[in-house]
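A.B. asks: Here it is, the structure, as structure tokens.
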Amino acid sequence: MGNAIDIRLESLVKPATPGVAAANSATSAVAEQARGTFFLETFGCQMNEHDSEKVAGVLLARGYRQVETPEAASLILYNTCSIREKAAQKVFSRLGVYRDILGKEQKIGVLGCVAQQEGEAIFSRAPWVSLVCGSASYRNLPQMLAQLEAGAERVTGLDNDTDETFETEVTRRDNPWRAYITIIEGCDKACAYCVVPFTRGPERSRDSARVLSELRQLAERGYSEVQFLGQTVNSYADPSPRKMRFSQLLVESAQVPGIRRVRFTTSHPRDFTPDIVAAIETHPAICNHVHLPVQSGSSRVLRAMQRTYSRAEYLEKIAMIRGARRQTAITTDIIVGFPGETEAEFDETLSLLDEVKYEGVFSFKYSPRPNTPATSMPDAIPEEEKSRRLALLQEKQRAIQVNTLQKLAGEIFEVHVDGASKKENQWYGHSSCNRVVNFSSSKSDLLGEYVAVRVNGCTPNSLLGEHVVRPL
Ligand code: 5AD
Ligand code: SF4
């Protein structure tokens with residue numbers, strides 16, 4: 001996320017993690033026997049982070065112990081991202097680092113999008129790798145681990161044409177308050193620039209009853225916040241006879257005892273329907289934040305990107321969200337320098353920023369990806385020009401954000417306290433609308449609490465305030 005204007009909260013708030021030791025002891029009861037140790041490193045999106053939590057759960061349940069350094073591990077796992085070229089390049093240099101520390105008895109596995117994309121070619125480029133496994137094959141991990149344990153040198157899981165999801169009872173969760181639940185895997189949208197449909201396979205939604213029962217169990221264990229995950233989360237299509245709509249899933253989740261916040265990401269504009277807005281409006285537990293990637297402000301570019309909506313259609317969705325009685329924060333993703341993007345078309349993206357006034361923008365230079373239609377499109381934009389456009393866009397967005405944040409002085413937000421800052425009596429957390437809030441309080445022991453904070457200032461990416469004692 002190197003180029004992001006990082007107002008989106010996940011990138012700023014570092015959750016307090018229970019730590020590797022706690023995770024090990026939590027699952028030691030189910031460990032069959034000590035099979036070895038693993039080190040797991042993750043790059044990429046929230047889906048990857050959560051996949052890693054599930055992979056770690058599978059390993060712990062199989063009797064592995066998690067360690068904090070690759071040197072100490074018998075199995076090094078590396079969960080990779082290939083959304084942009086830089087991320088994919090990093091994988092091979094990182095594998096080189098692992099090769100240099102690799103002892104005789106150690107094995108390395110490559111997981112995730114680069115594994116799926118490069119497949120067995122990884123074995124020729126990095127012959128010291130023993131396992132290559134894409135996300136659509138994680139459900140077969142126990143069998144693949146058994147092969148590795150039996151001494152297999154090269155194990156692959158590259159099946160991508162599946163209608164199954166990765167169901168596991170044994171997820172090891174890193175955040176003590178917010179639980180992630182994947183409700184839909186893969187993507188059917190075929191945007192012209194994107195590798196995800198190739199690396200994560202077709203859309204598969206999980207049974208709503210299973211999602212809700214997982215959520216109830218998590219609530220009983222003390223989680224108060226859930227974040228539903230999917231590349232296109234609102235394209236959720238319940239495969240069970242209940243055929244529960246996405247908005248209905250949100251509503252039922254909001255009613256689970258103990259659940260105070262229900263989040264979801266990422267939404268696709270095409271499937272963003274009025275019932276989702278109505279659900280947010282009427283259920284305070286459904287967070288008033290929508291991440292709605294636009295990618296470009298030009299209808300011509302959107303058509304070339306195969307995004308399935310025009311600028312005007314996207315703006316109708318924004319008007320629908322902004323028209324609700326409950327104010328909702330909107331964030332987005334933007335790509336600059338898509339092949340053939342003219343200066344005038346880029347200006348349309350800038351004017352869209354003025355029109356929507358997003359609460360946060362993640363912006364990226366277009367990066368050609370293998371197999372995608374955009375790779376062979378004419379009129380590539382030179383790298384320096386992409387950088388220039390990106391800088392302009394980020395500068396504009398920064399000014400818009402500061403302006404929006406300044407206007408919030410005096411307002412009171414409910415803040416979930418994620419941690420204490422180094423300074424005495426200073427805490428940080430986030431609001432339902434996913435803003436980072438730094439605040440002062442004379443109280444101690446606020447960690448994990450929901451508190452009221454009155455805003456009295458801001459930085460470019462966060463709100464500043466003070467704890468006000470009042471019933472929430
Ligand atoms: N180049 C640049 N950005 C990309 N994204 C996806 N594919 C590419 C690419 N080839 C961005 C999109 C998407 C976000 C997760 O990453 O903006 O919404
Ligand atoms: Fe990629 Fe488009 Fe699917 Fe998002 S909706 S994951 S950008 S193909």
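By this note's numbering, the letter at position 313 of the sequence shown is numbered 313, and the numbering carries on one by one without gaps. We put the beta carbon where it would ideally sit given N, CA and C, even for glycine. The model shown is predicted, which means the values in this text are computed figures rather than measured ones.
Hey, quick one: how far does the alpha helix (DSSP H) through Asn160 stretch, first residue to last?
C.D. replies: Position 160 of the sequence shown, counting from 1, holds the residue named residue 160. Neither: Asn160 is in no alpha helix (DSSP H) and is coded neither H nor E.
A.B. asks: Give the range of the alpha helix (DSSP H) segment to which Val58 is assigned.
C.D. replies: By 1-based counting over the sequence shown, the position of residue 58 is 58. Its alpha helix (DSSP H) spans residues Gln46 to Ala61.
A.B. asks: Taking all protein chains shown into account, decide if Ile101 is buried (16 or more other Cβ within 10 angstroms of its Cβ) or exposed.
C.D. replies: On the sequence shown, position 101 is the one that residue 101 refers to. Its Cβ having fewer than 16 others within 10 Å, Ile101 is exposed.
A.B. asks: Return helix, strand or coil for Lys107, following the three-state DSSP convention.
C.D. replies: Locating residue 107 in the sequence shown gives position 107, counting from the first residue. Of the three classes helix, strand and coil, the one that applies to Lys107 here is strand, per DSSP.
A.B. asks: Between Val110, Lys86 and Lys365, which lies nearest to Leu40 when the distance is taken from Cα to Cα?
C.D. replies: Within the sequence shown, numbered from 1, the residue matching residue 40 stands at position 40. Ranking the options by Cα distance to Leu40, first place goes to Val110.
A.B. asks: Taking only the alpha-carbon atoms, compute the straight-line gap between Leu131 and Thr42 and give it to the nearest angstrom.
C.D. replies: Start at 1 with the first residue of the sequence shown, and residue 131 comes out as number 131. Start at 1 with the first residue of the sequence shown, and residue 42 comes out as number 42. When rounded, the distance between both Cα atoms is 16 Å.
A.B. asks: Hey, is Lys365 close to ligand 1, as in C-beta under 8 Å from one of its heavy atoms?
C.D. replies: Position 365 of the sequence shown, counted from the start, is the residue given in the question as residue 365. It does: the Cβ of Lys365 is within 8 Å (strictly closer) of some heavy atom of ligand 1.
A.B. asks: Taking DSSP as the reference, what is the three-state secondary structure of Glu10?
C.D. replies: Along the sequence shown, read from residue 1 onward, the residue named residue 10 stands at position 10. Because Glu10 carries a pLDDT of 31, less than 50, the predicted location of this residue cannot be relied on, and no value is offered for it.
A.B. asks: Relative to the alpha-carbon of Ser444, which residue among Gly112, Asn461, Met144 and His467 has its alpha-carbon at the smallest distance?
C.D. replies: As a position in the sequence shown, residue 444 is number 444, starting the count at 1. Of Gly112, Asn461, Met144 and His467, the residue nearest in Cα terms is His467.
A.B. asks: How far does the beta strand (DSSP E) with Tyr78 in it reach, from first residue to last?
C.D. replies: By 1-based counting over the sequence shown, the position of residue 78 is 78. Its beta strand (DSSP E) spans residues Leu75 to Thr80.
A.B. asks: Using the DSSP secondary-structure output, state which residues sit across from Lys365 in a beta bridge.
C.D. replies: In the sequence shown, the residue the question calls residue 365 occupies position 365. Paired residues: Val336.
A.B. asks: Looking at Val196 and ligand 2, is the gap between the Cβ and the nearest heavy atom below 8 Å?
C.D. replies: Mapped onto the sequence shown, residue 196 falls at position 196. Yes, since a heavy atom of ligand 2 falls inside the 8 Å radius drawn around the Cβ of Val196.
A.B. asks: Using CA coordinates, which residue listed in Leu464, Arg125, Ala136 and Arg99 is at the minimum distance from Gln116?
C.D. replies: Here residue 116 is taken as the residue at index 116 of the sequence shown, counted from 1. For the residues Leu464, Arg125, Ala136 and Arg99, the minimum Cα distance to Gln116 belongs to Ala136.
A.B. asks: Closest to Met377 by CA distance: which of Gly340, Arg388 and Ser367 is it?
C.D. replies: Taking the sequence shown and counting its residues from 1, the one referred to as residue 377 is at position 377. Taking only the C-alpha atoms, the option nearest Met377 is Gly340.
A.B. asks: Find out if the Cβ-Cβ distance for the pair Thr332, Val301 is shorter than 9 Å.
C.D. replies: Against the sequence shown, residue 332 aligns to sequence position 332. Against the sequence shown, residue 301 aligns to sequence position 301. No, they are not a contact pair.
A.B. asks: Express the C-alpha separation of Ile184 and Gln231 in angstroms, rounding to a whole number.
C.D. replies: Reading the sequence shown from its first residue, position 231 is the one you call residue 231. Reading the sequence shown from its first residue, position 184 is the one you call residue 184. Each residue's alpha carbon lies about 8 Å from the other.
A.B. asks: Which word fits Lys54, buried or exposed, when buried means at least 16 other C-beta atoms lie within 10 angstroms of its C-beta?
C.D. replies: The residue given as residue 54 occupies position 54 in the sequence shown. It is buried - the Cβ of Lys54 has at least 16 other Cβ atoms within 10 Å.
A.B. asks: Check each candidate in Ser296, Val262 and Glu105 and name the one with the smallest Cα separation from His289.
C.D. replies: Locating residue 289 in the sequence shown gives position 289, counting from the first residue. Comparing Cα positions, the closest option is Val262.
A.B. asks: I want to check one thing, is the minimum distance from the CB of Thr331 to the heavy atoms of ligand 1 below 8 Å?
C.D. replies: Position 331 of the sequence shown holds residue 331. Because no heavy atom of ligand 1 lies under 8 Å away, the Cβ of Thr331 does not count as near it: no.
A.B. asks: Skipping 5 residues on each side, what residues in its chain have a beta carbon closer than 6 Å to that of Ala87?
C.D. replies: By 1-based counting over the sequence shown, the position of residue 87 is 87. Answer for Ala87: Cys81, listed in chain order.
A.B. asks: Mark Thr282 as exposed unless 16 or more other C-beta atoms lie within 10 angstroms of its C-beta, in which case mark it buried.
C.D. replies: Translated into positions along the sequence shown, residue 282 becomes position 282. Exposed: under 16 other Cβ atoms inside 10 Å.
A.B. asks: Spell out a yes or no on whether the region 219 to 238 and the region 268 to 277 are touching, meaning 3 or more CB-CB pairs, one atom from each, closer than 8 Å.
C.D. replies: Enough Cβ pairs lie closer than 8 Å, so yes.
A.B. asks: Take the Cβ of Thr266 as the centre, count every other Cβ of all protein chains shown within 10 Å, and call the residue buried at 16 or more, exposed below.
C.D. replies: One-based indexing of the sequence shown puts residue 266 at position 266. With 16 or more other Cβ atoms within 10 Å, it is buried.
A.B. asks: Once the 5 residues before and after Ser351 are set aside, which same chain residues still bring their CB inside 8 Å of it?
C.D. replies: In the sequence shown, the residue the question calls residue 351 occupies position 351. These residues qualify, in order along the chain: Gly297.
A.B. asks: Less than 8 Å between the CB atoms is what I'm expecting for Tyr366 and Gly337, so what's the real figure, rounded?
C.D. replies: Here the question's residue 366 lines up with position 366 in the sequence shown. Here the question's residue 337 lines up with position 337 in the sequence shown. 4 Å between Cβ atoms; contact.
A.B. asks: Taking the alpha carbon of Ala399 as the reference point, which residue from Ser213, Arg210, Pro460 and His430 has its own alpha carbon closest?
C.D. replies: By one-based count along the sequence shown, residue 399 stands at place 399. Checking every option, the nearest Cα to that of Ala399 belongs to Pro460.
A.B. asks: Is the beta carbon of Ala219 less than 9 Å from the beta carbon of Val256?
C.D. replies: Against the sequence shown, residue 219 aligns to sequence position 219. Against the sequence shown, residue 256 aligns to sequence position 256. Yes, these two residues count as a Cβ contact at 9 Å.
A.B. asks: With DSSP collapsed to three states, give me the class of Glu424.
C.D. replies: Indexing the sequence shown from 1 puts residue 424 at position 424. DSSP places Glu424 in coil when its eight states are reduced to three.
A.B. asks: Do you know how far the Cα of Tyr98 is from the Cα of Lys90?
C.D. replies: For this step, residue 90 is matched to residue 90 along the sequence shown. For this step, residue 98 is matched to residue 98 along the sequence shown. C-alpha separation (whole angstroms): 12 Å.
A.B. asks: Quick one: what's Ser205 bridged to in DSSP?
C.D. replies: As a first step, residue 205 must be located in the sequence shown, where it is residue number 205. Ser205 is bridged to Ile184.
A.B. asks: Rank Glu105, Glu203 and Gly222 by C-alpha distance to the C-alpha of Leu229 and give the top, closest one.
C.D. replies: As a working note, residue 229 is residue 229 in the sequence shown. For Leu229, the nearest C-alpha among the options comes from Glu203.
A.B. asks: Let me make sure I understand the geometry here. Which of Asp163, Ala374, Asp347 and His430 has the alpha-carbon closest to that of Asp188?
C.D. replies: Start at 1 with the first residue of the sequence shown, and residue 188 comes out as number 188. Checking every option, the nearest Cα to that of Asp188 belongs to Asp163.
A.B. asks: Consider the C-beta atom of Thr232 and the heavy atoms of ligand 2; say whether any pair is separated by less than 8 Å.
C.D. replies: Within the sequence shown, numbered from 1, the residue matching residue 232 stands at position 232. Result yes, Cβ under 8 Å from ligand 2.
A.B. asks: At which residues does the beta strand (DSSP E) containing Arg65 begin and terminate?
C.D. replies: Reading the sequence shown from its first residue, position 65 is the one you call residue 65. From DSSP, the beta strand (DSSP E) with Arg65 extends over Tyr64 to Gln66.
A.B. asks: Could you give the distance in angstroms between the alpha-carbon of Pro284 and the alpha-carbon of Ile330?
C.D. replies: As a first step, residue 284 must be located in the sequence shown, where it is residue number 284. As a first step, residue 330 must be located in the sequence shown, where it is residue number 330. Each residue's alpha carbon lies about 17 Å from the other.
A.B. asks: Between the Cα of Gln63 and the Cα atoms of Glu71, Asn48, Ile76 and Phe38, which residue gives the shortest distance?
C.D. replies: As a working note, residue 63 is residue 63 in the sequence shown. Before going on, a small fix: residue 63 reads as Gly here, not Gln. Cα-wise, what sits closest to Gly63 is Phe38.
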